[in-house]
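Below is one structure, written out as structure tokens; the observations come after it.
In this note's numbering, the protein residues as written are 8 to 195.
So, in structure tokens, the structure goes:
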């Protein structure tokens with residue numbers, strides 16, 4: 008399967024809109040394209056024709072791709088509740104309610120299996136994927152157990168485009184290969 012992944016420097020930089028546009032563009036070009044987001048966090052869900060819940064953005068992206076939305080397009084949906092807990096919706100069905108620490112400690116392997124299964128299922132019906140990341144791939148405190156950005160790009164074997172918004176910090180990049188650091192003390 009071919010595809011592309013859109014990641015962002017933070018939440019709300021426009022990843023969903025860009026993915027929606029790519030879904031329509033690829034559909035217009037005649038590709039059998041589907042959206043994919045491994046894990047979404049939202050109380051605003053989209054209900055598939057089978058009555059299963061997925062992230063609203065993936066439902067809209069499926070419409071842009073001119074295909075029916077399925078749970079494989081968003082296998083993990085987190086619906087925030089009070090007390091730092093979230094409902095974990097797995098393949099459209101409520102699994103359980105967990106706090107963030109328990110989710111991070113206990114759900115990682117199950118999440119990876121769900122992602123692999125969803126990608127395999129989508130590969131049976133589609134030739135191209137438009138994959139949306141979540142948050143930022145630079146959240147180093149989450150990188151050892153993340154299931155939304157580079158882990159997904161590697162598993163799907165797709166290139167990544169990074170999206171930034173100047174209103175949310177933009178992008179800072181230093182080319183260390185050409186940087187010169189003068190460590191000599193200067194006389195005052």
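Even for Gly, the Cβ is constructed at its ideal location relative to N, Cα and C.
Inset, instruction - Return yes when the Cβ of residue 44 is within less than 8 Å of the Cβ of residue 62, no when it is not. - result: For this step, residue 62 is matched to residue 55 along the chain shown. For this step, residue 44 is matched to residue 37 along the chain shown. With a cutoff of 8 Å on beta-carbon distance, residue 62 and residue 44 are scored as near each other.
Inset, instruction - Evaluate the contact criterion for the segment 115-130 versus the segment 15-30: three or more CB pairs, one atom per stretch, below 8 Å. - result: Contact between the segment 115-130 and the segment 15-30 is absent, because fewer than three Cβ pairs lie under 8 Å.
Inset, instruction - For residue 38, collect the residues of the same chain with a Cβ closer than 7 Å to its Cβ; drop the 5 residues on either side in sequence, then sort them by chain order. - result: The sequence position of residue 38 within the chain shown is 31, counting from 1. Once the five neighbours on either side are set aside, the close Cβ partners of residue 38 are 134 and 135.
Inset, instruction - Rank 102, 30 and 124 by C-alpha distance to the C-alpha of residue 138 and give the top, closest one. - result: Taking the chain shown and counting its residues from 1, the one referred to as residue 138 is at position 131. Ranking the options by Cα distance to residue 138, first place goes to 30.
Inset, instruction - Under 8 Å by Cβ, that's how I've got residue 130 and residue 8 pegged, so tell me the actual separation to the nearest angstrom. - result: Looking up residue 130 in the chain shown gives position 123. Looking up residue 8 in the chain shown gives position 1. Contact flag correct, Cβ pair sits at about 5 Å.
Legend entry - Cα-Cα separation, residue 41 to residue 32: On the chain shown, residue 41 is found 34 positions in, with the first residue counted as 1. On the chain shown, residue 32 is found 25 positions in, with the first residue counted as 1. Distance between the alpha carbons of residue 41 and residue 32 is about 12 Å.
Legend entry - Among 144, 102 and 87, nearest to residue 50 - alpha-carbon criterion: Taking the first residue of the chain shown as position 1, residue 50 is located at position 43. Ranking 144, 102 and 87 by Cα distance to residue 50 puts 87 first.
Legend entry - Completely contained alpha helix (DSSP H) runs for the segment 78-155, where each covers 4 or more residues: Listed in chain order, the complete alpha helix (DSSP H) runs (minimum 4 residues) inside the segment 78-155 are 107-113 and 115-132.
Legend entry - Residue nearest to residue 64 in terms of C-alpha spacing, selected from 16, 89 and 21: Residue 64 sits at position 57 when you count from the first residue of the chain shown. Relative to residue 64, the option among 16, 89 and 21 whose CA is nearest is 21.
Inset, instruction - Can you give me the start and stop residues for the beta strand (DSSP E) that residue 56 sits inside? - result: On the chain shown, position 49 is the one that residue 56 refers to. For residue 56, there is no enclosing beta strand (DSSP E), as DSSP marks it with neither H nor E.
Inset, instruction - Go through its chain and collect everything with a Cβ distance to residue 165's Cβ below 8 Å, but skip five positions before and after it. - result: Residue 165 sits at position 158 when you count from the first residue of the chain shown. Excluding positions up to five away in sequence, the list reads 9, 10, 11, 12, 136 and 138.
Inset, instruction - From the DSSP output, in three-state form, read off residue 33 for me. - result: Position 26 of the chain shown holds residue 33. DSSP, read as helix, strand or coil, puts residue 33 in helix.
Inset, instruction - Could you check what DSSP says for residue 52 in three-state terms: helix, strand or coil? - result: Taking the first residue of the chain shown as 1, we reach residue 52 at position 45. In this structure, residue 52 counts as strand in the three-state DSSP scheme.
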